[in-house]
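Student:
Numbering (my numbering), first residue to last: -18 to 209.
1) Please classify residue 199 as buried or exposed, where buried requires at least 16 other C-beta atoms within 10 Å of its C-beta.
2) Report the rounded CA-to-CA distance for residue 209 versus residue 133, giving the unit in angstroms.
3) Is DSSP giving residue 61 helix, strand or coil here?
4) For residue 108, name the three-state secondary structure that DSSP assigns.
5) If contacts are defined as beta-carbon pairs under 8 Å, then residue 117 and residue 70 qualify, I think. What distance do you get, rounded to the angstrom?
6) Taking contact to mean at least 3 C-beta pairs separated by less than 8 Å, is the region 75 to 82 in contact with the region 148 to 160?
7) Using three-state DSSP, classify residue 139 as helix, strand or coil.
8) Hey, could you find the ends of the beta strand (DSSP E) residue 30 is sitting in?
9) Put residue 173 into one of helix, strand or coil per three-state DSSP.
10) Could you tell me the boundaries of the beta strand (DSSP E) in which residue 5 lies?
11) Going by DSSP in three states, residue 185 sits in which element: helix, strand or coil?
12) So, for residue -1: in the same chain, excluding its five sequence neighbours on each side, which residues have a beta-carbon less than 7 Å away from its beta-carbon?
13) Mark residue 65 as exposed unless 16 or more other C-beta atoms lie within 10 angstroms of its C-beta, in which case mark it buried.
14) Over what stretch of residues does the beta strand (DSSP E) that includes residue 202 continue unbroken?
This is the structure:
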């Protein structure tokens, strides 16, 4: 795996370069408590820095690595439980701006093999909302409006998508996700709408289901099935 010093030193370097160049910088896949503190310092200094965290770094930690399952190999690697807690708090208080899945649908033979040769990455797209609900809404760190901020409003703002992350108002584009927060579902990798089944959440029961998605007013998915 990557030592935490490797990540934290690069984040610190890029923050200082952004400060001195008057530029903005976005940090992908924050994974350590040290990175959180660097981000906090940079924002306090007025540096134009934003950051994201993956669902798997919010939920999973290095205790899963004891059996060297190739499905758990990811970059940055799964960290200690204390890092996971720090990332959750940072997302809640705005030090980390958004959630990004780092969705990586590798073929089965690329993941179900020796840990050292397994391709880094895991599925994250279809389970992302439920993982955020489990790690952030369930413990009371975010409400559902906060979930919309970190999974829609803030990502759209960071990358400059003016027609996304918009308020629910007449005349706004109907780019929507309809969620039932009171349901649960059990993850079955083979049933996910992905090119592969390398999910780290296999057989887990997760909260909240997406009942429909709409793009510009057109239903693009309903009850877990995509519409073309």
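Virtual Cβ for every residue (Gly too), placed ideally from N, Cα, C.
Just so it is clear, the structure is predicted and the values come from calculations on it, not from any experiment.
Tutor: The structure says:
1) exposed
2) 22 Å
3) coil
4) coil
5) With 8 Å as the limit, residue 117 and residue 70 do not qualify as a contact, their Cβ atoms being about 10 Å apart.
6) no
7) helix
8) 29 to 34
9) coil
10) 5 to 8
11) coil
12) 5, 6, 28, 29 and 30
13) buried
14) 199 to 203
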